[in-house]
Amino acid sequence: MEVQRLVRLIPVDEQILERLTAVATSDADAGEVTPPLTPDDSWTPRRVAWFKEYHRSRRAGLDGTAGEATWAVLHDGDPIGAVRLQLTETEGELETGIWLARTARGTGVAKVALHGVLDEALLWGAHSVRADILASNTASQGLFRSAGFALSDPATDSHVRAVLKIA
1 MEVQRLVRLI
11 PVDEQILERL
21 TAVATSDADA
31 GEVTPPLTPD
41 DSWTPRRVAW
51 FKEYHRSRRA
61 GLDGTAGEAT
71 WAVLHDGDPI
81 GAVRLQLTET
91 EGELETGIWL
101 ARTARGTGVA
111 KVALHGVLDE
121 ALLWGAHSVR
131 ADILASNTAS
141 QGLFRSAGFA
151 LSDPATDSHV
161 RAVLKIA
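In terms of full-length UniProt numbering, the sequence shown opens at residue 1 and continues consecutively.
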């Protein structure tokens, strides 16, 4: 069965959050999913609490106080990662990000999820979407490049900015 038909983005309610947390803690490094809250990339109670609060505080969407929305990426009904959109300082521009479980990487799911979040950005009236990607994350750079994003040279903070005009 084709990957596109098996992938959906859904809001992160409490039931999905529990399942998403289980996937994140068992099939992704904490440093891939959370900011550097601890000295290494291991999952700690602090990181798990941050992860849950992060998704809970984004339920109000772009209109909420965080100015950010998250969706779980489902593959064949199972959560395997998440995508997000966040307001930026530039009107009409949104920032996106994505993480997937290790076992879902390289399967085409990320490409479908990225196109799904771009559709959400259009619904919110965005004219462009950007992503800040670690310079060392060549797989993510390839994903965004394949979706038409223009990538900058690495900045002094070791990030590459990817930008796509969508409207």
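Backbone N, C-alpha and C define an ideal beta-carbon position, used for all residues, glycine too.
Predicted model, so just to flag it, every value in this text is computed and none were measured.
In the three-state scheme derived from DSSP, where H, G and I count as helix and E and B as strand, S152 is classed as coil. Residue range 68-75 is occupied by the beta strand (DSSP E) that includes E68, with no alpha helix (DSSP H) assigned at that position. Contiguous beta strand (DSSP E) elements confined to the stretch 84-148 occur at 93-100, 128-134, taking only those with 3 or more residues. Nearest to E120 by alpha-carbon distance, out of W99, P45, L87, is L87. L85 and V33 do not touch by the CB rule: their CB atoms are close to 17 angstroms apart, not below 8 angstroms. Under the DSSP definition of a beta bridge, V160 partners with I133. G67 is the residue among G97, G67, Q141 whose C-alpha sits nearest the C-alpha of E89. According to the DSSP assignment, L17 belongs to the alpha helix (DSSP H) that extends over 14-27.
For P39, DSSP records no beta bridge to any residue. Looking at the DSSP output, A82 shares a beta bridge with A72, W99. Per DSSP, R47 lies in no beta strand (DSSP E) segment; the continuous alpha helix (DSSP H) that holds it begins and ends at 45-57. T156 and H127 have their C-alpha atoms some 27 angstroms from each other. With contacts defined by Cβ atoms closer than 8 angstroms, L100 and G81 form a contacting pair. Within the same chain, Cβ atoms closer than 6 angstroms to the Cβ of D27 are found at A101, R102, T103, the five residues on either side in sequence being excluded. About 6 angstroms separates the beta carbons of L9 and V83, which is inside the 8 angstroms limit, making them a contact pair.
If you draw a straight line from the Cα of P35 to the Cα of H115, it comes to about 25 angstroms.
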